[in-house]
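Have a look at the structure below, then the notes.
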Amino acid sequence: MDSNALSGQVIWITGLSGAGKTTLAHLVVARLREQALPAVMLDGDELRAVFGAARWSASNHGREERLQLARRYSHLCQVLAGQGVTVVIATISMFREIHQWNREHLPGYFEVYLKVPEAELRRRDPKQLYARFDAGEVTQVAGLDMPVDEPEAADLTVDFSTPQSPEAIAEAVLRAVLSTSPDSGAV
């Protein structure tokens, strides 16, 4: 892998809660670092804390508040990628206007969509989000009572209708990012 192949780039990993975004992002960053490439991993859960929206409430998890956070994430990615770093971000941020802005403004933007069936998301439910929603404890859950914009032009869509290991997906992401074709298809 050429040490300059991925510098100044943003790999935006999106999908609903429990899709495996953070796991995949950690694996991709580890592979990049194994190749001595400068890479930073950003996670939506951690970024919410950085931007003062860590506590879950109806007032900070509505569509407009999430859209505002997603814009902040995009601008942070722009600053970091502008310094020659490969930024790998794991975030729901499923807004058409964010994906469009990213394509127009982020260097080397590469969008990965983890498309996981709701039944599998509910089975995984690492934060007990779906269980708490079903119990009436939380609202404004992306993909349930809060509509999301499913990515229409992701550079790579990972369809989980057939099981795949996180490691295999990470390798597919890196292959697709490194490919010369802008349309890398689906895994």
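The letter at position 103 of the sequence shown is residue 103 when you use full-length UniProt numbering, and the numbering goes up by one with no holes.
Ideal Cβ positions, reconstructed from N, Cα and C, are used throughout, including at glycine.
Per-residue burial, residue i [other beta carbons within 10 Å of its own, 16 or more giving buried]
i: G179; result: A small correction: the amino acid at residue 179 is Ser; Gly does not occupy that position in the sequence shown. Counting Cβ neighbours within 10 Å, S179 comes out exposed, since fewer than 16 surround it.
i: S59; result: Caution is warranted here: a pLDDT of 47 is assigned to S59, below 50, making its placement in the model unreliable, and no coordinate value can be reported.
i: K21; result: buried
i: A25; result: buried
i: A49; result: exposed
i: G84; result: exposed
i: A168; result: exposed
i: L47; result: buried
i: A135; result: exposed
i: L67; result: exposed
i: A172; result: buried
C-beta contact flag for residue i and residue j at 8 Å
i: Y130; j: R122; result: yes
i: T23; j: P151; result: no
i: T86; j: T14; result: no
i: D159; j: K127; result: no
i: G18; j: P107; result: no
i: V10; j: A70; result: no
i: R96; j: D145; result: no
i: G143; j: L16; result: yes
i: V28; j: V88; result: yes
Sequence-distant residues of its chain with Cβ nearer than 7 Å to residue i (five each side left out)
i: R31; result: A170 and L174
i: residue 200; result: Residue 200 is absent from the model: the chain starts at 1 and stops at 187.
i: R132; result: V138
i: P147; result: none
i: D125; result: G18 and A131
i: R33; result: A39
Identity of the residues DSSP links to residue i by a beta bridge
i: E111; result: W12
i: D43; result: A90
Residue i Cβ short of 7 Å to the ligand ZN heavy atom set
i: V177; result: Looking for the ligand ZN in the displayed structure turns up nothing, as the structure carries no ligands at all.
Own chain, CB closer than 8 Å to residue i, minus 5 neighbours either side, in chain order
i: H105; result: S74 and Q78
i: S161; result: P117
Quick check: the stretch 27-46 against the stretch 68-81, are at least 3 beta-carbon pairs closer than 8 Å? As far as the Cβ criterion goes, the stretch 68-81 touches the stretch 27-46, which means the pair count is three or higher.
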